[in-house]
Structure formats: structure tokens, C-alpha cells
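One structure is given below, encoded as C-alpha cells.
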Amino acid sequence: MGMPFTPKGYGGKRRDPDQIKRDGWHEQGVLAVSVDDHRLTWPERELVRQLGEKLYGAVPSAREVRNG
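Here the numbering used here is used: the first residue of the sequence shown is 6, the next is one more, and so on.
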């Protein structure tokens, strides 16, 4: 017969990642942006990279991750 209800987090329609980011910005003022987002110009991507490094530190290089 199955369950009479769907537990939270199961079923329904999933939001795409851009919608989640958009909702986060509109509802909480949180910005999630990839430094590789093709919609940004080079200066905008560089600003995102610099902000990320200032707040969270540099991204380890691929070699550091492999050896680390």
C-alpha cells in the first residue's frame, strides 16, 4: 500500500542549483558564486577570487590537494 505521506526531503520537485543560489540571495542576502562563472567578466571573476581568498584563504592547487 505504501506510505500515506512523503517524508520531508523526499519526493516533490527539486530546485536547480541556480534557483537555490537565487533564493539564498533574495531571502538571506547570501551570495554563492563560482569563480569560473561564465556570466562574469574577468574583473568580476578576479574580484570574487580575491574576496574568497580574503575571507577563507587561498584555494589549494591541484598538486597540493594530491600530496596533502
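C-beta: ideal position from N, C-alpha, C; glycine also.
Note that the coordinates shown come from a computational prediction; the quantities given were computed from them, not determined experimentally.
Under the three-state DSSP convention, the category residue i falls into
i	result
Tyr-15	coil
Val-53	helix
Asp-41	coil
Asp-21	coil
Pro-48	helix
Gly-29	helix
Ala-67	helix
Leu-60	helix
Beta-carbon proximity list for residue i, same chain, < 7 Å, skipping 5 on both sides
i	result
Leu-88	What the structure shows of the chain is the stretch from 6 to 73, and residue 88 is not part of that stretch, so it cannot be assessed.
Beta-carbon proximity list for residue i, same chain, < 6 Å, skipping 5 on both sides
i	result
Trp-53	Per the sequence shown, the amino acid found at residue 53 is Val instead of Trp. Here the set comprises Val-38, Val-40.
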